[in-house]
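In the working numbering, the protein residues as written are 141 to 220. In this text, a Cβ means the ideal position worked out from N, Cα and C, and glycines have one as well. Quick caveat, the model's predicted, so the values are computed rather than measured. Below is one structure, written out as C-alpha cells, with a few remarks after it.
Take a look at the structure:
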C-alpha cells in the first residue's frame with residue numbers, strides 16, 4: 141500500500157536541493173551556525189567579523205531559500 145503525501149514532489153525536492161546547496165557555502169554555514177539565537181545583520185557582522193552588507197546579502201539568499209525567517213524589525217536611531 142502506498143501512502144500519499146509522504147514522498148516529496150520533484151519540484152519541492154529540487155527546492156530542497158537548492159536550499160541545501162545555498163546552506164553549504166562556507167559563509168552561509170557560519171551565518172546559520174551563529175543564528176542559534178535571533179540576531180541582527182549588524183550583530184552577526186560584528187560576531188563574524190564581516191561587513192554588514194555582505195551579511196545582509198547572504199541573509200537575503202538564506203531567507204529566499206526558506207532556511208531562515210525574519211523574526212522582527214525594530215528601529216535604532218531612526219533606521220529600520
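Where residue 166 is concerned, the enclosing alpha helix (DSSP H) starts and stops at 166-174.
A direct Cα-to-Cα measurement between residue 174 and residue 195 gives close to 12 Å.
In the DSSP assignment, residue 186 falls within the unbroken alpha helix (DSSP H) covering 181-188. Residue 186 and residue 192 have their C-alpha atoms spaced approximately 8 Å apart. Considering only 211, 188 and 205, the residue with the shortest C-alpha distance to residue 166 is 188.
The beta carbon of residue 212 is closer than 7 Å to none in its chain, skipping five residues each way along the sequence.
Cα atoms of residue 190 and residue 172: separation of roughly 14 Å, rounded to the nearest angstrom.
Following the DSSP letters along the chain, one finds residue 202 inside the alpha helix (DSSP H) bounded by residues 192-204.
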